[in-house]
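As structure tokens, the structure follows; a few thoughts come after it.
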Amino acid sequence: MAINRESNGYTILFAVIMVTFVGGILAFLATALKPAQEANVRNEKMQNILQAIGIEELNDVSRKEAGAKFNDYVIERITLNFKGEVIKRTTNSDSIKDVKDAFNINLLKQYKTIASKKERDYPLFVCEANGEKFYVIPVLGKGLWAAVWGYIGLKSDGTTVNGAVFDHKSETPGLGAEISKPDFEKQFIGKSFEEDGSYAPIKVLKPGLEKDNHEVDGISGGTFTSVGVEEMLERTIEVYYDYFKNNK
Amino acid sequence: MSEVAKREPLFSKKNKKLITDPLNDTNPVTIQVLGICSALAVTVQMSNAIVMSISVMAVLILGNVIVSLLRNLIPGKIRIIVQLVIVAALVIIVDQVLKAYVYDVSKQLSVFVGLIITNCIIMGRLEAFALGNKPWASALDGLGNGIGYGVVLVIVAFFKELLGSGKLMGFDIIPESFYEFGYMNNGLMLLPPSSLVIVAIYIWIQKSRNPKLIEN
Numbered sequence: 003m004a005i006n007r008e009s010n011g012y013t014i015l016f017a018v019i020m021v022t023f024v025g026g027i028l029a030f031l032a033t034a035l036k037p038a039q040e041a042n043v044r045n046e047k048m049q050n051i052l053q054a055i056g057i058e059e060l061n062d063v064s065r066k067e068a069g070a071k072f073n074d075y076v077i078e079r080i081t082l083n084f085k086g087e088v089i090k091r092t093t094n095s096d097s098i099k100d101v102k103d104a105f106n107i108n109l110l111k112q113y114k115t116i117a118s119k120k121e122r123d124y125p126l127f128v129c130e131a132n133g134e135k136f137y138v139i140p141v142l143g144k145g146l147w148a149a150v151w152g153y154i155g156l157k158s159d160g161t162t163v164n165g166a167v168f169d170h171k172s173e174t175p176g177l178g179a180e181i182s183k184p185d186f187e188k189q190f191i192g193k194s195f196e197e198d199g200s201y202a203p204i205k206v207l208k209p210g211l212e213k214d215n216h217e218v219d220g221i222s223g224g225t226f227t228s229v230g231v232e233e234m235l236e237r238t239i240e241v242y243y244d245y246f247k248n249n250k
Numbered sequence: 003m004s005e006v007a008k009r010e011p012l013f014s015k016k017n018k019k020l021i022t023d024p025l026n027d028t029n030p031v032t033i034q035v036l037g038i039c040s041a042l043a044v045t046v047q048m049s050n051a052i053v054m055s056i057s058v059m060a061v062l063i064l065g066n067v068i069v070s071l072l073r074n075l076i077p078g079k080i081r082i083i084v085q086l087v088i089v090a091a092l093v094i095i096v097d098q099v100l101k102a103y104v105y106d107v108s109k110q111l112s113v114f115v116g117l118i119i120t121n122c123i124i125m126g127r128l129e130a131f132a133l134g135n136k137p138w139a140s141a142l143d144g145l146g147n148g149i150g151y152g153v154v155l156v157i158v159a160f161f162k163e164l165l166g167s168g169k170l171m172g173f174d175i176i177p178e179s180f181y182e183f184g185y186m187n188n189g190l191m192l193l194p195p196s197s198l199v200i201v202a203i204y205i206w207i208q209k210s211r212n213p214k215l216i217e218n
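Sequence order for the protein chains is A and B. The opening residue of the first sequence carries number 3 in our numbering; numbering runs sequentially from there. The opening residue of the second sequence carries number 3 in our numbering; numbering runs sequentially from there.
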């Protein structure tokens, strides 16, 4: 070949062409795949919310179905402030567009960028199934390695748990990661956030101890994750407790 | 290199060796000690290990072929960076495609897909093989090394998942009655250090059975 592969000019030319070419491909791909990726994330959130309601017909709802069924069950989306006051209310006939719409509130982003819990927004999903009212509350906190989060479904009294779904970014498999298993999640059903008319957070204790109405078994070997779950529940549910109390 | 008058058959003896050697004599993980990091991290569950192996294999084969096609064009001075760009682009493509079409798998692998870029096997094979060989041979080399890597990963994951959580591919294997007699899953098996132990035992067995590998 006639070109001198070792010359500076050729090296620079090669680099420029390569970077432009690769950059172009990646930009095209990212744009082309974005709608599918966003739909996945959105449908997963809807799936989690529906599963958290805690009624049998929705326990095994798939991610694909969730997108279609969401509006059948979730009748209202409410955004609260720290005092439990409503700052935005949308219903299932409104499309999910507004940044303050409860569905669009990104708890992880808030957790990272807004240091004071008093300034964060608190989304609430009002659901209706089989003539009964349910509430679903998203929660998010810190595990051992990264974020842990979940959705808590409450009965119409706003204090008794009817379903719970937890997930995590990168907890240790077999240890902290067990929080996303049904064995852990099912324990919450029937537990209560109220005792004698005031707020009583649910505690995640060492496994094997006697449990009352506000306590569940933690994960052995997953202490930090269990503490994280307890902390996020205690911190978040309190806000909603005030809301339910004032809106009875 | 002088041109061979008659075309080499696709699966000549030499080409077959490209696939079989990395399984034993030149195994990337146990003999060349490359890609150890991911062998420690993604082997807690067999399903993860399998998907990771397939992803690495895909990137390795494609990377090898692309570098091999460009081997007469890549300027020597920046060849490592060129290889890095090619691998990084491939990994991002794999990651984006997984996110769009197999969302559940991509969630499980999360950061590990990105870490394929840092898998030394890939850079090692590009530099050592693809840069000096034809595309077809490079593809076979990628396939061989990908399988060699995958085999070790799956074997390590087999023991870690079985002993660590009593499951294989997510199904319970150890019967409930064992637990009632006081059997317990070994939590250490779920953590990275146990992979080192398993890989070491693997190397021990491999070397004791293969006289070619004995060092002086």
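The beta carbon of each residue, even a glycine, is placed where N, CA and C say it ideally should be.
Report task. Taking C-beta pairs closer than 7 Å, name the residues in chain B that Leu126 of chain A reaches, listed in chain order. Result -> On the first sequence, position 124 is the one that residue 126 of chain A refers to. Those do not exist, as Leu126 of chain A stays about 26 Å from chain B at its closest Cβ, beyond 7 Å.
Query - Residue closest to Gly150 of chain B, alpha-carbon to alpha-carbon, out of B:Ile33, B:Lys15, B:Lys101, B:Cys39 - result: Residue 150 of chain B sits at position 148 when you count from the first residue of the second sequence. For the residues B:Ile33, B:Lys15, B:Lys101, B:Cys39, the minimum Cα distance to Gly150 of chain B belongs to B:Ile33.
Requested in this report: Could you name the residues of chain A that Ile95 of chain B contacts, counting a contact when the two beta carbons are closer than 9 Å?
Outcome: In the second sequence, the residue the question calls residue 95 of chain B occupies position 93. Residues of chain A passing the Cβ test: Ile27, Leu28, Leu31.
Query raised in the report: Is the beta carbon of Ile200 of chain B sitting closer than 8 Å to the one on Lys162 of chain B?
Result: Here residue 200 of chain B refers to the residue found at position 198 of the second sequence. Here residue 162 of chain B refers to the residue found at position 160 of the second sequence. In contact: Ile200 of chain B and Lys162 of chain B (Cβ atoms closer than 8 Å).
Query - Option in B:Leu100, B:Val115, B:Val87 with minimal Cα separation from Ile27 of chain A - result: Here residue 27 of chain A corresponds to residue number 25 of the first sequence, with the count starting at 1. Nearest of B:Leu100, B:Val115, B:Val87 to Ile27 of chain A, Cα basis: B:Val87.
Report task. Output the boundary residues of the alpha helix (DSSP H) element that contains Arg65 of chain A. Result -> For the purposes of this step, residue 65 of chain A is identified with residue 63 of the first sequence, where counting begins at 1. Where Arg65 of chain A is concerned, the enclosing alpha helix (DSSP H) stretches over 65-75.
Query raised in the report: Is the Cβ of Ala68 of chain A closer than 8 Å to any Cβ of chain B?
Result: Within the first sequence, residue 68 of chain A is the residue found at index 66, counting from 1. Not closer than 8 Å to any Cβ of chain B, the Cβ of Ala68 of chain A fails to qualify, so no.
Query raised in the report: Using the C-alpha atoms, what's the distance from Thr225 of chain A back to His216 of chain A?
Result: Taking the first residue of the first sequence as 1, we reach residue 216 of chain A at position 214. Taking the first residue of the first sequence as 1, we reach residue 225 of chain A at position 223. In a straight line, the C-alpha of His216 of chain A is about 18 Å away from that of Thr225 of chain A.
Query raised in the report: On the three-state DSSP scale, how would you describe Ala117 of chain A?
Result: Counting from one through the first sequence, the residue named residue 117 of chain A turns up at place 115. In this structure, Ala117 of chain A counts as coil in the three-state DSSP scheme.
Query raised in the report: With distances taken from CA atoms, which of B:Arg211, B:Pro195, B:Lys214, B:Ile207 is nearest Ile38 of chain B?
Result: Locating residue 38 of chain B in the second sequence gives position 36, where the first residue counts as 1. For the residues B:Arg211, B:Pro195, B:Lys214, B:Ile207, the minimum Cα distance to Ile38 of chain B belongs to B:Pro195.
Query raised in the report: Can a CB atom of chain B be found closer than 8 Å to the CB of Gly176 of chain A?
Result: The count along the first sequence starts at 1 and reaches residue 176 of chain A at position 174. Chain B, which has a Cβ nearer than 8 Å to the Cβ of Gly176 of chain A, makes this yes.
Query - Reduced DSSP category for Phe226 of chain A - H, G, I as helix; E, B as strand; rest coil - result: Walking along the first sequence from the start, residue 226 of chain A turns up at place 224. Three-state result, Phe226 of chain A: helix.
Query - Opposing strand residues paired with Val163 of chain A [DSSP bridges] - result: Residue numbering aside, residue 163 of chain A sits at position 161 when the first sequence is read from its first letter. Per DSSP, A:Leu156.
**Report entry** Assigned secondary structure, Arg91 of chain A (DSSP; H/G/I helix, E/B strand, else coil)
**Finding:** One-based indexing of the first sequence puts residue 91 of chain A at position 89. Strand.
Query raised in the report: Leu215 of chain B to Pro24 of chain B, Cα distance in whole Å?
Result: Residue mapping note: residue 215 of chain B aligns to position 213 of the second sequence, counting from 1. Residue mapping note: residue 24 of chain B aligns to position 22 of the second sequence, counting from 1. Taking the straight line from one Cα to the other gives about 13 Å.
Query raised in the report: From Lys135 of chain A to Lys157 of chain A, what does the alpha carbon distance come to, in whole angstroms?
Result: Counted from its first residue, the first sequence places residue 135 of chain A at position 133. Counted from its first residue, the first sequence places residue 157 of chain A at position 155. If you take the alpha carbons of Lys135 of chain A and Lys157 of chain A, they lie about 7 Å apart.
Requested in this report: Hey, could you find the ends of the beta strand (DSSP E) Glu129 of chain B is sitting in?
Outcome: In the second sequence, counting from the first residue as 1, residue 129 of chain B sits at position 127. Element bounds for Glu129 of chain B: not the beta strand (DSSP E) but the alpha helix (DSSP H), 122-130.
Query - Which listed residue (A:Ile55, A:Asp74, A:Leu146, A:Arg91) has its alpha carbon closest to that of Asn106 of chain A - result: If you number the first sequence from 1, residue 106 of chain A lands on position 104. Taking only the C-alpha atoms, the option nearest Asn106 of chain A is A:Arg91.
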